[in-house]
Amino acid sequence: MDHTYIDRNSVAERYLNHSLEPGELREFEEHIVDCQECGDRLLLAEMFHARNGIAPTPDPNLAARVVLYKPRRVLLILLAAALTIPAVYAIYRLLAG
């Protein structure tokens with residue numbers, strides 16, 4: 050999924066309204082995990098909804114989709130922490146001792 054398609058088809062808006070087809074939904078969610086620009090677009094659409102009093106419709110499948118698409122990001126954060134903490138500790142020990 051590319052930005053032209055997302056803009057032309059109002060994908061972020063349709064995502065918030067839970068009106069994407071299953072394949073399109075999957076592609077968009079895979080895309081926004083790694084695309085800061087589209088994450089920002091989604092945030093802007095959410096802000097627009099909130100400002101204009103458009104209540105978000107609850108999505109019963111949200112938890113399942115978050116579990117499917119977010120683990121990669123969570124794993125990267127945990128891996129970064131696992132590597133950073135020992136490195137900082139080692140530097141501290143070198144400087145302190």
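So the sequence shown is numbered by the working numbering: it starts at 50 and just counts up by one. We put the CB at the ideal spot given by N, CA and C, even for glycine.
- In the DSSP assignment, L69 falls outside any alpha helix (DSSP H), carrying neither H nor E.
- Our two residues, A99 and V60, have alpha carbons roughly 18 Å apart in a direct line.
- In the structure shown, I103 falls within a coil segment according to DSSP collapsed to helix, strand and coil.
- By the C-beta density criterion, L127 is exposed, having fewer than 16 other C-beta atoms within 10 angstroms.
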